[in-house]
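Just so you know, we're using the working numbering here: the sequence shown kicks off at 755 and counts up by one. Read the structure below first, then the notes.
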Amino acid sequence: MKRLKRIFTGTLPLFLLLWAGMMGILWGLSGQKLKGEVQLAVQSACQNAESYYQSVWSGEATDARKPAILAGWLEHKLYPYDGVIQFRFYTADGQELARSQLANSRASLPGTGVYDWHLWLDPVLIPEEQLELAQQLQKDPELSRFFGTVGNLVSEEETDERWCDVVGVVDEERQVLYPKTITYVYADQEITLVDTDSSFFDGKELTTMRFEGVSLYSALVGSSASPQELLDQWQEVEQEVDLLFSGLDYLPHPFASASVSSNTACYPLPDGTLFGYGFSYIPTHRIIEELKSTALYTLLAAIAMALFTDHRQRRAIQRERDFARAAAHELKTPLAVLRAHAESLREDIAPEKRDQYLDVVLSESDRMSALVGSLLELARTEANGAAKKEPVDLAALVREVFAPLALPLEQKNLHLQLELEEVSLSGARARLEEAVENLASNALRHADSGGTVQVSLEKLSHRARLTVYNDGPNIPSEDLSRLWEPFYRADPSRSRDSGGTGLGLAIVWKTVEAHGGRCWAENRPVGVAFVLELPI
């Protein structure tokens, strides 16, 4: 429980903050990328709209039909970007020629195969009915295209007769039908897509027309956005475009937020006709879809890194505590000895014991001095980090370390065997010398009297391997990896009474680590070998 509390109040909030910052940057970059894509899509749609206008106005259709034809061809949505786009055409004196339709439909009379009739839904459907129509088309996309049987627009295998009946107000001159009802009639069912009680039809004559094919689209059918979101966008864009052509001095500025971006513009065409457009899109859906995998994986990675960092911190703190306890323990004994002998010297004691007590005081002082010196050396080794490199003749360095040890070897009746290949490497000479001295001291201290100390240096590909072996007692296998920890002693036989501060192997480990190498200890049939490997 304490660990979870520490994680949630320590490392995890920091990593989550870094994750949120990274996701914010990615969100901004994705938003800029999406904005560029939308601008290109809008430019392409504008070019198509201008091309439609040129084609229709230079075509053979009557002047009365041209606006309806153009309105039926205009694109009305930015489908991949959860957006809408509207186009308007005005004469130079401000008369509207054509505009994009929210619900756009064209129909083909039986036997013609030509979609030259236009079903105008916008003038008759209220927003709620537009939403109902969009929801039907979203639920069953096949309803946007209907083919009957009379005009052979479906395969011969489909023999059941079917058609589309539309009841509404007819404008023969423009070939426009304002639908009150639109019904797809099949052999076994009828599907009514539109059935409105709009006041538009009050006092007007209703006519039933039968069509062979119907193409029906709604700007409220998007990829991720709901029909209501798209309707809200459509109405906002419609207001902005209305302002654009209202003759007011104020024109709406491009608008962008985290949830919706929009813009409007107008300019004259070569023949003087004013062309205007407005568009809006929802960037959040597309960006979320694009980033959701990245966000999930990076969030999991952030949590994993927080847990890993907490684990590392906990281990580091525990190591510091263990080190402090071990150092205190190592200093406690000599201090107690010093205090006991110092108090005894204050009393009247036999002169022959006074010299003995002073020898003990000096010995314990030397021992504490050595311990403090080793502590400082270990601290310097850790603080220096990566070693400063210089050319080092490792074989010569080993000989120089063991040359002064001839007398201690002779006193313990030890036989020294040196098998050294000539190996040179780049490293910190002083630190390498200290490491080899610690290995030599360790070997002399633990070798059996009358035994052997073997030192070998060999070149292995891109590594130099130094092995220092003594024929002392084996070390329990579970302790081999812990020998390099400060103050760690594998067994009681390797006590402080045998000499040493308990920091020599820790200094060796830090030195080898700083040189990018590795070290380990291994039991031999008789004795123990300490091995260093350093990159050449």
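Where a beta carbon is used, it is the ideal one built from N, C-alpha and C, also for glycine. No experiment lies behind these values; they were computed from the predicted model shown.
Selection from the options that minimises the alpha carbon distance to residue i
i, options, result
"Thr937", "Glu927, Ser1119, Val920", "Val920"
"Met776", "Leu1172, Tyr1021, Tyr1051, Gln982", "Tyr1051"
"Leu879", "Ser980, Leu856, Leu771, Ala1160", "Leu856"
"Ala1184", "Val1152, Ala1197, Gln889, Asp1202", "Val1152"
"Thr950", "Phe900, Leu974, Leu887", "Leu887"
"Ala973", "Gln890, Leu1045, Ile945", "Gln890"
"Ala978", "Ala1058, Gln797, Glu1043", "In the sequence as displayed, the identity of residue 978 is Ser instead of Ala. Cα-wise, what sits closest to Ser978 is Glu1043."
"Ala1201", "Glu1187, Ala774, Glu1164, Ser1215", "Glu1164"
"Gly1026", "Val796, Asp847, Ser798", "Asp847"
"Tyr833", "Arg1093, Leu931, Tyr1242, Gly976", "Gly976"
"Gly1030", "Asp956, Arg1069, Ala803", "Ala803"
"Trp874", "Tyr844, Ile823, Arg1093, Val868", "Ile823"
"Glu882", "Ala825, Leu931, Val948", "Val948"
"Ala1149", "Lys1166, Ser1178, Leu1170, Lys1142", "Ser1178"
"Ser953", "Tyr806, Ile1229, Pro933", "Pro933"
"Gln840", "Arg819, Ala818, Ser812, Ala799", "Ala799"
Inter-residue CB distance, residue i and residue j (contact presumed, cutoff 8 Å)
i, j, result
"Gly1281", "Asp1233", "Contact flag wrong, Cβ pair sits at about 15 Å."
"Ile968", "Cys918", "Looking at the sequence itself, residue 968 is Val, so the reference to Ile does not match. Confirmed, Cβ separation roughly 5 Å."
"Leu998", "Cys1020", "5 Å"
"Ser859", "Leu970", "4 Å"
"Glu1276", "Ala1260", "Going by Cβ atoms, the distance from Glu1276 to Ala1260 rounds to 18 Å, so no, they are not a contact pair."
"Leu1186", "Thr1265", "7 Å"
C-alpha gap between residue i and residue j, whole angstroms
i, j, result
"Arg1040", "Trp781", "11 Å"
"Pro877", "Gly790", "34 Å"
"Thr961", "Thr1048", "57 Å"
"Glu1176", "Pro1289", "15 Å"
"Glu1212", "Thr1063", "39 Å"
"Gly1204", "Ala1189", "25 Å"
"Val995", "Phe769", "46 Å"
"Thr816", "Leu1028", "21 Å"
"Leu1161", "Ala1056", "59 Å"
"Arg1272", "Thr1206", "25 Å"
"Ser1119", "Leu1112", "10 Å"
"Glu959", "Phe900", "26 Å"
"Ala825", "Val810", "10 Å"
"Leu828", "Arg853", "8 Å"
"Tyr844", "Leu772", "53 Å"
"Leu931", "Phe955", "12 Å"
"Asp1003", "Val924", "Note on Asp1003: pLDDT 44, under 50, position unreliable in the model; the coordinate value appears next. Using only the alpha carbons, I get a separation of about 39 Å."
Test item: CB-CB of residue i and residue j under 8 Å
i, j, result
"Gln808", "Asp870", "no"
"Ala941", "Glu915", "yes"
"Asn1192", "Gly1256", "no"
"Trp988", "Val838", "yes"
"Gln786", "Leu885", "no"
"Val1146", "Leu1172", "no"
"Ala1197", "Val1155", "no"
"Tyr1223", "Arg1278", "yes"
"Pro821", "Leu851", "yes"
"Glu1287", "Arg1219", "yes"
"Glu990", "Ser1034", "yes"
"Arg964", "Pro864", "yes"
Under the three-state DSSP convention, the category residue i falls into
i, result
"Val792", "helix"
"Arg964", "strand"
"Lys1166", "coil"
"Ile839", "strand"
"Val1222", "strand"
"Leu1005", "At Leu1005, the pLDDT of 43 sits below 50, so the modelled position is not reliable; the number obtained from the coordinates is stated separately. It is coil, neither helix nor strand."
"Glu911", "Any reading at Glu911 needs caution, since the residue's pLDDT is 47, under 50, leaving its predicted position unreliable; the model's value is listed next. Correct three-state label for Glu911: coil."
"Ser805", "helix"
"Arg1248", "Confidence is the limiting factor: at Arg1248 the pLDDT is only 46, short of 50, which leaves the residue's position unreliable, though a coordinate-based value still follows. If DSSP states are grouped into helix, strand and coil, Arg1248 belongs with the helices."
"Leu984", "helix"
"Pro1240", "coil"
"Val995", "helix"
"Tyr940", "coil"
"Ser812", "coil"
"Asn1228", "coil"
"Ser1180", "strand"
"Ser1235", "helix"
"Ala1275", "strand"
"Ala818", "coil"
"His1065", "helix"
"Arg860", "strand"
"Gln1208", "strand"
"Asp951", "coil"
"Val1280", "coil"
"Ser1011", "Summary for Ser1011: the model assigns pLDDT 48, below 50, so the residue's position carries little reliability; its value from the coordinates is reported in the next sentence. Correct three-state label for Ser1011: coil."
"Pro877", "coil"
heavy atom of the ligand FAD below 7 Å from residue i C-beta
i, result
"Ala1019", "The ligand FAD is not among the ligands present in this structure, which contains no ligands whatsoever."
Minimum Cβ-Cβ distance from residue i to chain C less than 8 Å
i, result
"Gln855", "Structure shown: chain C not included; a single protein chain is present."
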